[in-house]
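Enquirer: In the working numbering, the protein residues as written are 6 to 413.
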Ligand code: PLP
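1) For residue 364, tell me which candidate among 330, 386, 345 and 344 has the shortest Cα-Cα distance.
2) Under 7 Å, do residue 267 and residue 109 count as touching if we go by C-beta distance?
3) I'd like to check one pair, residue 132 with residue 288: are the Cβ atoms closer than 7 Å?
4) Got a sec? Which residues, its chain only, sit under 6 Å from residue 53 by beta carbon, not counting five neighbours each side?
5) Answer with buried or exposed for residue 134, where buried requires no fewer than 16 other C-beta atoms within 10 angstroms of its C-beta.
6) Heavy atom of the ligand PLP less than 6 Å from the Cβ of residue 374, yes or no?
7) If you follow the alpha helix (DSSP H) that residue 286 is in, where does it begin and where does it stop?
8) Give me whichever residues DSSP pairs with residue 282 in a beta bridge.
9) Return yes when at least one heavy atom of the ligand PLP lies under 6 Å from the C-beta of residue 167, else no.
10) Can you name the residues that DSSP bridges to residue 188?
11) Is residue 330 buried or exposed, if buried means 16 or more other CB atoms sit within 10 Å of its CB?
12) Going by the beta-carbon positions, is the gap between residue 64 and residue 305 smaller than 7 Å?
13) So, under 8 Å CB-CB, residue 232 and residue 333 are touching, yes? Tell me the CB distance rounded to an integer number of Å.
14) Check each candidate in 129, 96, 148 and 92 and name the one with the smallest Cα separation from residue 11.
15) Hey, how far is the Cα of residue 191 from the Cα of residue 197?
16) May I ask whether a heavy atom of the ligand PLP can be found less than 6 Å away from the beta carbon of residue 134?
17) Using 8 Å as the Cβ pair cut-off and three pairs as the minimum, do the segment 233–241 and the segment 200–213 touch?
18) Pick out whichever of 91, 227 and 153 has its Cα sitting closest to the Cα of residue 188.
19) Say yes only if the C-beta of residue 189 is nearer than 6 Å to one or more non-hydrogen atoms of the ligand PLP, and no if none qualify.
20) Return the residue from the list 261, 194 and 313 that minimises the CA-CA distance to residue 300.
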């Protein structure tokens with residue numbers, strides 16, 4: 006008899022974007038002529054940087070010749086990409102990351118979902134609320150939580166409210182926690198943690214023997230000097246933090262798939278007998294057992310963004326999205342909304358007006374303005390009363406959406 010993993014039953018049925026799609030479809034059926042603008046899902050719209058396309062073209066040609074063909078590569082990634090990552094994102098900033106601390110993958114969703122496997126099942130998980138749902142859902146699937154309560158919270162999880170009231174800088178937990186997920190810049194709020202705020206978490210982790218799982222998928226969007234691009238900019242973080250990065254939002258790789266995780270050899274945790282062990286060999290074992298390496302062609306495409314030309318192209322794309330973010334944020338403010346984010350991230354997080362719930366505001370925006378966004382409640386209980394718009398749309402659509410919102 007094969008039994009199933011009943012933890013999956015704990016997850017609520019309706020996936021956020023499926024419900025969004027269902028409502029949009031229902032509206033379209035009754036309003037076929039509506040010009041619907043989508044500023045909902047966080048996917049990029051600009052094409053890949055030309056340098057990446059060219060590098061992948063060349064790599065594909067190599068794969069077509071016996072002399073240059075490559076089969077399985079190192080599970081951890083090719084040296085040419087790992088060295089480029091280290092030089093560009095760490096060494097140049099005075100940070101130490103060694104080659105065997107970087108694990109190239111098919112994107113950071115897999116990594117931040119899979120990392121929990123190397124931790125004991127009875128660890129207490131802390132997550133900021135609202136946040137990217139993958140951290141929580143994967144811990145639910147693993148059985149590291151109790152059931153979902155009527156308040157929208159899973160038993161056994163420590164939620165760290167991140168709202169306008171605390172400036173989107175969550176307070177330290179009041180009860181002990183072991184694994185702390187931080188996302189900076191944060192999806193969905195588009196807000197960030199300052200150097201001092203992040204130092205507070207590193208200090209907490211060091212004192213309480215906790216591990217920080219730091220998702221920096223949007224690091225390339227940071228504009229303000231006081232926001233760390235990497236958690237390793239904080240003293241002592243190399244002892245307590247694992248960092249996730251992605252080429253998806255940095256270089257348009259959402260459909261091409263490449264990311265990486267940094268697991269310093271100095272990050273340790275205890276076994277039940279009290280002995281202390283580095284996490285790096287555990288992740289290496291997990292990664293090389295369950296993953297067979299990112300495609301060579303894709304890794305060549307990713308490495309190309311670290312050339313001067315590549316950096317210029319990436320900067321241009323990010324500037325395009327961040328100009329959209331400015332247009333949305335300023336437009337919302339001019340229309341009387343309270344809006345957050347959009348300065349160091351391609352997300353704008355607005356307070357729903359007149360005490361509307363986030364799904365009520367979704368319906369209002371869809372029906373009155375033909376604009377699709379994402380209800381904040383889909384990212385955690387503290388997202389209720391907020392709404393996410395993304396800067397990943399085209400300029401024309403973004404301007405049109407803002408004009409419609411301003412019309413009142
Ligand atoms: N982390 C955050 C915070 C995200 O918002 C996303 C994607 O939207 C990811 C990770 C996943 O990125 P990837 O495309 O690398 O899997």
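Note that beta-carbon positions come from the ideal geometry of N, C-alpha and C, so glycine has one too.
Expert: Taking the geometry as given:
1) 386
2) no
3) no
4) 257
5) buried
6) no
7) 285–295
8) 274
9) no
10) 220
11) buried
12) yes
13) Contact between residue 232 and residue 333 is absent: CB atoms are separated by about 20 Å, not below the 8 Å threshold.
14) Considering only alpha carbons, the answer is 148.
15) 6 Å
16) Not a single heavy atom of the ligand PLP lies less than 6 Å from the C-beta of residue 134.
17) yes
18) 227
19) no
20) 261
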